[in-house]
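Read the structure below first, then the notes.
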Amino acid sequence: RAQYIENKCLLTNIQQLLLVDYINDWVYKGLAPTPAIVRNFATDISGKVPGKNWVNRFVTKHRDRLVSEFLQTIDHSRIKADNPYKYKLYFKKVFGHLAYRGCSNNR
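The numbering of the sequence shown is the UniProt record's numbering, which starts it at 1 and goes up by one.
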């Protein structure tokens with residue numbers, strides 16, 4: 001049964017542990033990989049593209065072995081602030097204010 005489960009998995013148990021070590025090495029160097037990067041690592045190791053939820057399941061399974069900095073989620077307010085619509089709105093207001101003051105956009 002255990003052999004069957006391992007054969008159905010994208011990575012073997014040994015490959016998973018090596019990937020955990022590799023992720024932790026990146027974190028110790030100050031370069032915590034994103035889920036997309038972890039997905040690319042898994043693709044390189046297995047030769048197959050993981051499913052869309054694979055990284056989340058992998059992180060949950062290895063939560064006790066992964067360095068905590070990797071596990072921290074992105075602050076939701078930063079995601080909301082990094083919005084192209086808000087940037088456009090900001091610059092529209094700035095240029096509107098400059099036009100009101102009689103300043104040219106060509107400076």
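Glycine residues also receive a C-beta, built at the ideal position from the N, C-alpha and C atoms.
Remember, it's a predicted structure, so these values are computed and weren't measured experimentally.
Applying the 10 Å Cβ sphere with the 16-neighbour rule, what's the burial state of residue i?
i	result
residue 109	Examination of residue 109 is not possible in this model, given that the chain is present from 1 through 107 alone.
I23	buried
L89	exposed
F95	exposed
F91	exposed
With distances taken from CA atoms, which of the options is nearest residue i?
i	options	result
S68	L18, D25, L11 and C9	D25
N13	P84, K61 and V27	K61
Q15	K92, V94 and S46	S46
C9	R63, Y100 and K48	K48
Can you tell me whether DSSP reads residue i as helix, strand or coil?
i	result
H76	Since pLDDT at H76 reaches only 48, below the 50 mark, its modelled position is unreliable, and the value read off the structure follows with that caveat. Residue state, collapsed to three classes: helix.
H97	helix
T43	helix
residue 124	In this structure the chain extends from 1 to 107, so residue 124 is not present and cannot be described.
V67	coil
L11	coil
L31	coil
Taking 9 Å as the threshold (C-beta atoms), are residue j and residue i in contact?
i	j	result
P50	T43	yes
R39	W54	yes
L19	L31	no
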